[in-house]
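As numbered in my numbering, the sequence shown has no gaps in its residue numbers, which increase by one up to the final residue, 452. Idealized CB from N, CA, C, for every residue including glycine. Down below is the structure, laid out as structure tokens.
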Amino acid sequence: MSNSGIKLWEKAKTLIPGGNQLLSKRSEMFLPGGWPSYYKKAKGCEIWDLDGNHYFDFCMMGVAACILGYGDDDVDGAVKEAIANGGMSSLNSYEEVELAQRLVDLHDWADMARFARTGGEACAIAVRIARAASGRDKVAFCGYHGWHDWYLSSNLSSETNLDKQLLTGLEPLGVPQALEGTSLPFYYNDIDTLKEIVAQNKDQIGVIIMEPQRGVPPENNFLKDVREIADRIGAVLIFDEVSSGLRMNMGGIHLLHNVKPDMAVFGKALGNGYPIAAVIGTRSVMDAAQGTFISSTMWTERIGFVAALATIKKMEDCNIPEKLIYLGEKIQKGWKKTAAENSIKINVQGVPAFPSFYYDYPENTELQTFFNQEMLERGYLASGSCPTTFAYTDDIVDTYFSNVSEVFAEIKKCIDNGDIKEKLKWPVRHNTFKRLTG
Ligand SMILES: Cc1ncc(COP(=O)(O)O)c(C=O)c1O
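Structure, rendered in structure tokens:
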């Protein structure tokens, strides 16, 4: 049991509002009061906590950033060489130009690129450029795009606007009231919701930003219809590929759906965990970035570019998307089979390279907490979401399922006895954003 990590997390919450910098890494999102919280070492798909306890990571793999595995030798080797030659200087990193070329080459519709460090930041840059290019303020969006004012402002007109996107209960506290009505939600595979806001905001929408696919695939020509609407109203179409990109294929997942945006945003997998994010786009749209001030010191630092180039190279050399899909399909089939063997109802979702499941019971959150608790005792950081990594092997996945099978058998008993709450050693996990302390 990781006492040091649990104690440190309690201290962190008194020093850092919210405990850390990312909701998805809060211990409360997994096992409030029982999660190891901090790591000393991570390699491949293995993690060692502050007390030296060892775990296999079947929960997040660096919040879906580490497609090649933790501490990948090739990426780290390139980064160490860059550091040896100076990670920062008064001149630019030449690798920046090389990375722009690589991303443009992977996407035949794109001509130019800008870079940042995080996904949300890159989405904010893309929206700024798109507003500048279209000359209009209003943004129609679908999906999650980060923490910035432009996005959270959607909840100024209704506190539930963002609920059906990814996270519920996001209060727009601190977001200027003046932004009310500037960001308007529409819903995936429901083209009428986009048509409706377009009709209600005639000639005002200049930007449409969406995830081309997160879980379910596009149906009934959804992406093509969005493209057509963007063209008809003269809006810039941005595909947010922060989570979906460089996982199922080389580049954005939109390439598999054969619909071209005007801009696309990448993050997460791009640097295998090193901070780098990219905005790519057509020359006519990206050119607007020359007229609007978008500039930051640390966007020029060398490691991000080098890590991204090394990650893309390894993805191509080792055919990584094919491996991620193979492993993800194995995991999806494994969850279904193990649940059926134990007569429990689960719903398996997600693209193969980013699979997830939930329990088809009203006590889903309690059951998830119990799963996390029991898997932790067996040496797994586990949850219902499991972005795949090249560091998994058949053996590692098979052994994971021997453990899942034991835990699903326990879950079946809890469901039959109706005593799941009594089986939890810690409070139920959180599944959305909320205050952590008084
Ligand atoms: C689709 C999408 N866009 C933007 C973001 C924000 O990225 P970041 O957490 O790097 O700011 C995320 C993060 O999960 C995401 O999934």
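- HIS68 has TRP62 as its beta-bridge partners, per DSSP.
- Taking 4 residues as the minimum length, the alpha helix (DSSP H) runs contained wholly in the region 288-370 are 297-300, 316-331 and 334-355, in order along the chain.
- Relative to LYS344, the option among ALA354, PRO366, GLY83 and ALA324 whose CA is nearest is PRO366.
- Residue environment for GLU336: exposed (fewer than 16 other C-beta atoms within 10 angstroms of its C-beta).
- Checking the 7 Å criterion, the Cβ of ASP374 is out of range of every heavy atom belonging to ligand 1.
- As the crow flies, the alpha-carbon of ASP254 is around 42 Å from that of ASP430.
- No Cβ-Cβ contact shorter than 8 Å links GLU60 with PHE319.
- Here HIS121 is not near ILE223, since their CB atoms are 8 Å or more apart.
- Per DSSP, the unbroken beta strand (DSSP E) holding VAL153 starts and ends at 152-156.
- Under the 8 Å Cβ criterion, the region 40-53 counts as touching the region 439-449, having at least three qualifying pairs.
- In the three-state reduction of the DSSP assignment, ASP239 falls in the helix class.
- According to DSSP, ALA127 shares a beta bridge with ILE294.
- Contact between PHE404 and LEU338 holds: their C-beta atoms lie close to 7 Å from each other, under 8 Å.
- Not a single heavy atom of ligand 1 lies less than 7 Å from the C-beta of CYS73.
- With a cutoff of 8 Å on beta-carbon distance, THR314 and SER107 are scored as near each other.
- Within the region 86-148, the runs of beta strand (DSSP E) at least 3 residues long that lie entirely inside it are, in chain order, 126-130.
- Residue environment analysis places CYS332 among the exposed positions, since fewer than 16 neighbouring C-beta atoms fall within 10 angstroms of its C-beta.
- Linking LEU251 to GLY452 through their CA atoms gives a straight-line distance of about 42 Å.
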